[in-house]
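Asker: The opening residue of the sequence shown carries number 3 in our numbering; numbering runs sequentially from there.
Glycine included, C-beta positions come from ideal geometry on N, C-alpha and C.
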Amino acid sequence: MTEQKLPEDNKSIVIPDIIPILPLHNVLLFPKMVIPLEVVGSKAAALIDEAMMKDRLLGLIITKKEVDIAADNYKLEDFHNMGTVAVILRMAKTSESRAQLLLQGIDRFQIRELVEGKPYLQARVNVIDDKDVIDIETEALMANLLTLFDQILKLSPFLPPEFGPLAKSIKEPGVLADMIASIINAPPEEKQKILEIVDSRQRLKELTRLVNHQMEILELGNKIQTQVKDDIDKSQREYYLRQQLKAIKHELGEEEDSNVDIEEYLKKIAEINLPPEAQKEAERELVRLTRMHSSSAEYTVAATYLDWITALPWHEATADNLDIAKARAVLDEDHYGLLKAKKRIIEYLAVRKLKPDSKGPILCLVGPPGTGKTSLGHSIARALDRKFVRISLGGVRDEAEIRGHRRTYIGALPGRIIQGLRRAESNNPVFMLDEIDKVGSDFRGDPSAALLEVLDPQQNGTFADHYLDVPFDLSHVMFITTANILDTIPPALLDRLEIIELPGYTQEEKVKIAERYLIPRQLSENGLTAGQLKITAKALNKIISGYTREAGVRNLEREIAGICRGVAAQIAAAELSAKTIAVRDIARYAGPVRIMNDFDARIAKPGVAIGLAWTPAGGDLLFIEATAMKGKKGLTLTGQLGDVMKESAAAALSFIRANAGTLKVNPDFYEEMDIHIHVPAGAIPKDGPSAGVTMLTALTSLLLNRKVKKELAMTGEITLRGAVLPVGGIKEKVLAAYRAGIKTIILPDWNSKDMEDIPANVRKAIKFHFVKDMLEVLRLALENGKKK
Ligand SMILES: Nc1ncnc2c1ncn2[C@@H]1O[C@H](COP(=O)(O)OP(=O)(O)OP(=O)(O)O)[C@@H](O)[C@H]1O
Ligand SMILES: [Mg+2]
Numbered sequence: 003m004t005e006q007k008l009p010e011d012n013k014s015i016v017i018p019d020i021i022p023i024l025p026l027h028n029v030l031l032f033p034k035m036v037i038p039l040e041v042v043g044s045k046a047a048a049l050i051d052e053a054m055m056k057d058r059l060l061g062l063i064i065t066k067k068e069v070d071i072a073a074d075n076y077k078l079e080d081f082h083n084m085g086t087v088a089v090i091l092r093m094a095k096t097s098e099s100r101a102q103l104l105l106q107g108i109d110r111f112q113i114r115e116l117v118e119g120k121p122y123l124q125a126r127v128n129v130i131d132d133k134d135v136i137d138i139e140t141e142a143l144m145a146n147l148l149t150l151f152d153q154i155l156k157l158s159p160f161l162p163p164e165f166g167p168l169a170k171s172i173k174e175p176g177v178l179a180d181m182i183a184s185i186i187n188a189p190p191e192e193k194q195k196i197l198e199i200v201d202s203r204q205r206l207k208e209l210t211r212l213v214n215h216q217m218e219i220l221e222l223g224n225k226i227q228t229q230v231k232d233d234i235d236k237s238q239r240e241y242y243l244r245q246q247l248k249a250i251k252h253e254l255g256e257e258e259d260s261n262v263d264i265e266e267y268l269k270k271i272a273e274i275n276l277p278p279e280a281q282k283e284a285e286r287e288l289v290r291l292t293r294m295h296s297s298s299a300e301y302t303v304a305a306t307y308l309d310w311i312t313a314l315p316w317h318e319a320t321a322d323n324l325d326i327a328k329a330r331a332v333l334d335e336d337h338y339g340l341l342k343a344k345k346r347i348i349e350y351l352a353v354r355k356l357k358p359d360s361k362g363p364i365l366c367l368v369g370p371p372g373t374g375k376t377s378l379g380h381s382i383a384r385a386l387d388r389k390f391v392r393i394s395l396g397g398v399r400d401e402a403e404i405r406g407h408r409r410t411y412i413g414a415l416p417g418r419i420i421q422g423l424r425r426a427e428s429n430n431p432v433f434m435l436d437e438i439d440k441v442g443s444d445f446r447g448d449p450s451a452a453l454l455e456v457l458d459p460q461q462n463g464t465f466a467d468h469y470l471d472v473p474f475d476l477s478h479v480m481f482i483t484t485a486n487i488l489d490t491i492p493p494a495l496l497d498r499l500e501i502i503e504l505p506g507y508t509q510e511e512k513v514k515i516a517e518r519y520l521i522p523r524q525l526s527e528n529g530l531t532a533g534q535l536k537i538t539a540k541a542l543n544k545i546i547s548g549y550t551r552e553a554g555v556r557n558l559e560r561e562i563a564g565i566c567r568g569v570a571a572q573i574a575a576a577e578l579s580a581k582t583i584a585v586r587d588i589a590r591y592a593g594p595v596r597i598m599n600d601f602d603a604r605i606a607k608p609g610v611a612i613g614l615a616w617t618p619a620g621g622d623l624l625f626i627e628a629t630a631m632k633g634k635k636g637l638t639l640t641g642q643l644g645d646v647m648k649e650s651a652a653a654a655l656s657f658i659r660a661n662a663g664t665l666k667v668n669p670d671f672y673e674e675m676d677i678h679i680h681v682p683a684g685a686i687p688k689d690g691p692s693a694g695v696t697m698l699t700a701l702t703s704l705l706l707n708r709k710v711k712k713e714l715a716m717t718g719e720i721t722l723r724g725a726v727l728p729v730g731g732i733k734e735k736v737l738a739a740y741r742a743g744i745k746t747i748i749l750p751d752w753n754s755k756d757m758e759d760i761p762a763n764v765r766k767a768i769k770f771h772f773v774k775d776m777l778e779v780l781r782l783a784l785e786n787g788k789k790k
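1) Using a Cβ-Cβ cut-off of 8 Å (strictly less than) and excluding sequence neighbours within five positions of E427, which residues of its own chain qualify?
2) Residues near ligand 2, CB to any non-hydrogen atom under 6 Å, in chain order?
3) Enumerate in chain order the residues of its own chain whose CB-to-CB distance from V42 is below 7 Å, with the five nearest sequence positions on each side excluded.
4) Which two residues bound the contiguous beta strand (DSSP E) that contains H680?
5) CB-CB under 6 Å to K634, same chain, minus the five flanking residues each way: which ones, in chain order?
6) Under 8 Å, do L24 and L59 count as touching if we go by C-beta distance?
7) So, at 8 Å on beta carbons, what are the nonlocal neighbours of P38 in its own chain, with the 5 sequence-adjacent residues on each side left out?
8) Where do the ends of the alpha helix (DSSP H) carrying L520 lie?
9) Sorted by chain position, which residues of the same chain lie with C-beta nearer than 8 Å to K790's C-beta, five sequence neighbours on each side aside?
10) Tell me where the beta strand (DSSP E) around E285 begins and ends.
11) Excluding the 5 residues flanking E191 on each side, which residues of the same chain have their C-beta closer than 7 Å to its C-beta?
12) Just curious, the alpha helix (DSSP H) that L530 is in, first and last residue?
13) What residue range does the alpha helix (DSSP H) around K95 cover?
14) Would you check whether ligand 1 has a heavy atom nearer than 7 Å to the C-beta of Y740?
15) Can you check which of these residues, A383, A343 and L395, is closest to V368 by C-alpha distance?
16) Measure the Cβ-Cβ separation of R110 and I90 and say whether it is below 8 Å.
17) Excluding the five sequence neighbours on either side, which residues of its own chain have a C-beta within less than 8 Å of the C-beta of Y338, listed in chain order?
18) How about L341: is its Cβ closer than 7 Å to a heavy atom in ligand 1?
19) So what's F770 in DSSP terms, helix, strand or just coil?
20) Tell me the DSSP secondary structure of F671 in three-state form.
21) How far does the alpha helix (DSSP H) with K648 in it extend, from its first residue to its last?
22) Which residues bound the alpha helix (DSSP H) around V513?
23) For P449, does the three-state DSSP call read helix, strand or coil?
24) Since I believe K270 is in contact with T312 (beta carbons under 8 Å), could you give me their beta-carbon distance rounded to a whole number of angstroms?
25) DSSP beta-bridge partners for S394?
26) Tell me where the beta strand (DSSP E) around K632 begins and ends.
27) Under 7 Å from any heavy atom of ligand 1, does the C-beta of N661 make it?
28) Going by the C-beta, is I501 closer than 7 Å to any heavy atom of ligand 1?
29) Anyone know if the C-beta pair for T717 and V729 falls short of 8 Å?
30) Could you give the C-beta distance for P370 and A553, rounded to a whole number, given that I count them as a contact under 8 Å?
31) Between the beta-carbon of N528 and the beta-carbon of A592, is there less than 8 Å?
32) Among F465, I501 and G413, which has the Cα closest to the Cα of A299?
33) For P162, which three-state DSSP category applies?
34) Would you tell me roughly how many angstroms separate the C-alpha atoms of N753 and G644, rounded to the nearest one?
35) Comparing C-alpha positions only, which one of A683, R781 and L737 sits nearest to I760?
36) Can the beta-carbon of E285 be found closer than 8 Å to that of A304?
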């Protein structure tokens with residue numbers, strides 16, 4: 003490498019006519035400026051060598067854009083109009099044909115003609131001096147340019163800030179323009195344009211335009227840069243933090259076992275295609291999960307939530323069986339009778355079949371215990387080919403039991419509705435809400451309000467469980483409710499229900515149910531065959547009347563089960579091989595007769611009448627006893643009577659006193675007498691107005707000393723004037739009377755419309771009287787004889 007020193011001073015440089023020309027492609031040198039340059043090639047090397055030996059001068063000029071840079075024999079028109087004469091400040095040869103130069107510009111030149119004769123390019127040139135005019139406009143242009151340049155320096159991190167003061171120190175407008183033009187980042191053609199402007203004011207103007215343009219580019223670039231940087235920063239930050247966290251966990255020995263869960267959840271969530279809101283919530287919880295350690299309580303909370311949300315049947319549904327004939331067969335297979343209920347269910351299915359998206363009513367099966375409500379629900383599910391879930395609402399007092407607790411509660415879980423659906427594993431099960439009449443409410447909120455939402459087809463498409471916190475669509479669920487009585491169901495809830503009554507069974511129906519369903523089931527449950535145990539029809543009748551007193555068949559089934567166990571024990575002990583139960587065998591297996599139908603004996607004296615009561619268990623006989631004793635206008639009522647019943651008794655007494663003449667009662671009877679009315683079965687609270695006629699009959703019977711007719715029962719409300727008003731629960735009452743062997747029943751005239759609900763065989767077996775006033779009742783009920 004050779005290096006040569008320059009003369010200290012190059013002010014007195016004289017530029018000859020003919021100078022060597024170094025064609026350049028995209029590097030520009032302005033006068034007074036210094037650039038480093040590397041030259042390659044034998045021609046260039048020869049040029050540099052000669053220049054170094056002479057005056058170190060050479061002309062730099064760029065070729066036009068379209069000129070082929072590999073071609074070597076340039077013509078005049080290949081070059082731009084103007085170039086710069088430069089002096090070599092330093093030169094270092096790195097090889098024969100390669101040199102590093104430090105060049106300083108001296109003056110502009112124009113080529114007059116190319117000169118042949120050397121291995122490198124030479125030209126005859128005109129040197130061009132700046133035309134500097136210093137006036138206000140140039141000064142203003144210069145000041146403006148300096149400001150712009152400052153900004154450019156600020157925006158360009160790669161330009162040394164020292165350029166600022168340097169530029170300010172330049173007084174000649176042309177030089178200032180050249181300096182800034184050489185520094186800014188602009189394409190060579192643009193710079194060339196500046197170079198070619200000889201008039202310095204013009205040059206400043208053109209440069210201002212260029213610098214402005216440059217500024218815009220820089221600003222935009224900067225903006226983009228910041229945005230991109232922000233984005234990258236954020237993700238990088240997260241990445242670094244995560245890596246750190248991992249490292250910390252590793253140090254603590256808490257390896258990433260939880261990742262397994264997280265991946266699993268991720269997979270599950272991706273698979274089940276959650277509705278958007280649920281998806282969002284699940285993802286949020288998943289993110290929380292990733293941040294927590296698997297042994298923390300928080301982790302369990304998040305994981306439990308994800309378990310729930312991924313386990314729910316968001317899309318799973320079973321296909322409905324809409325074959326009506328098959329459905330009917332299934333219903334008949336499971337239950338005897340219940341014609342009305344079955345008919346309604348078949349209608350429901352038929353509507354479903356014709357209009358699959360119909361929002362059917364919510365059925366409510368109402369009836370005394372053991373009448374088959376719950377088991378009918380099972381059967382409906384079976385008939386429809388749907389899953390069955392049942393929740394019992396008995397004693398539910400807390401709204402959260404229906405709707406769940408918010409996740410912020412410790413140990414929070416979804417409500418029973420969502421739990422039921424998870425169990426069903428399908429979003430269209432038959433969902434039985436059992437004992438809806440036993441829902442309570444207290445300070446923990448009103449569950450019936452939540453039930454309203456569940457059961458309302460308009461709302462339940464977006465049922466909001468507090469725990470899930472995202473809506474779940476219940477509109478495909480077939481809700482069926484059951485109740486023993488309607489009175490305690492909140493009216494708003496009742497309003498949404500379509501009531502199907504299961505009023506209880508007659509003796510004959512019970513026998514049929516026992517023969518076809520209960521006995522076969524108990525036989526198989528106790529491991530017996532039909533050949534090993536038979537129960538005669540008579541015996542069955544005896545079991546029903548002597549051992550059970552109920553509207554349903556639950557106790558009957560229990561008695562049968564008892565007999566089956568007894569026989570099974572004997573067969574297992576090889577004491578027997580088969581057994582047919584006749585009436586006389588019953589006591590041996592079921593114990594002594596439990597129900598006494600001894601009412602003949604109980605009404606053998608005047609002052610006792612049989613009423614009919616409606617009870618949640620179906621219906622029952624109500625014995626009302628009246629007695630009189632010496633005293634003074636006292637009325638005692640016992641047997642846990644409610645206010646309404648007490649008032650009935652008082653009304654009955656007043657009626658008799660007011661009508662003593664008509665009734666042929668001693669008008670002064672009350673003067674020296676206390677009256678006591680008692681309703682036995684004293685442990686059971688009783689209320690309601692329907693015992694009015696019975697009380698009056700019992701009192702009159704007592705006062706007239708005439709017995710009430712045998713096997714006769716009655717029900718009805720009375721007014722003070724002796725009219726008989728209608729009462730409810732006729733069917734249950736009549737069936738209870740029928741079970742007990744009553745032969746005559748006195749009913750309010752208004753209730754004759756209820757007769758159509760009463761089975762034909764019952765109507766045949768019992769004589770009904772419909773009455774409008776009390777005198778008719780007394781005429782029908784009291785025995786004639788004045789006999790003592
Ligand atoms: N019509 C019927 N045919 C056949 N079996 C019946 C019939 N009615 C009731 N049963 C049987 O009687 C039993 C009791 O019925 P279930 O449990 O459905 O009563 P429920 O009406 O739900 O009573 P509760 O109000 O006490 O809940 C069941 O085993 C059921 O199969
Ligand atoms: Mg039930």
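Answerer: This is what the structure gives:
1) P315, E318 and K389
2) K375, T376, D436 and T484
3) S99 and R100
4) M675 to H680
5) none
6) no
7) Q102, L103, L104 and L105
8) Segment: none, L520 is in no alpha helix (DSSP H) and carries neither H nor E.
9) In this prediction, K790 has a pLDDT of 40, which is less than 50 and means its spatial position is unreliable; what the coordinates show is noted afterwards. Answer for K790: N707, listed in chain order.
10) Segment P278 to R293 is the alpha helix (DSSP H) holding E285; no beta strand (DSSP E) there.
11) K67
12) Neither: L530 is in no alpha helix (DSSP H) and is coded neither H nor E.
13) First-last for K95: G85 to S97, but that is the beta strand (DSSP E), not the alpha helix (DSSP H).
14) no
15) A343
16) no
17) E511, K514, I515, R518 and Y519
18) no
19) strand
20) coil
21) D645 to A660
22) Q509 to I515
23) helix
24) 4 Å
25) D436
26) D622 to K632
27) no
28) no
29) yes
30) 4 Å
31) no
32) G413
33) coil
34) 24 Å
35) L737
36) no
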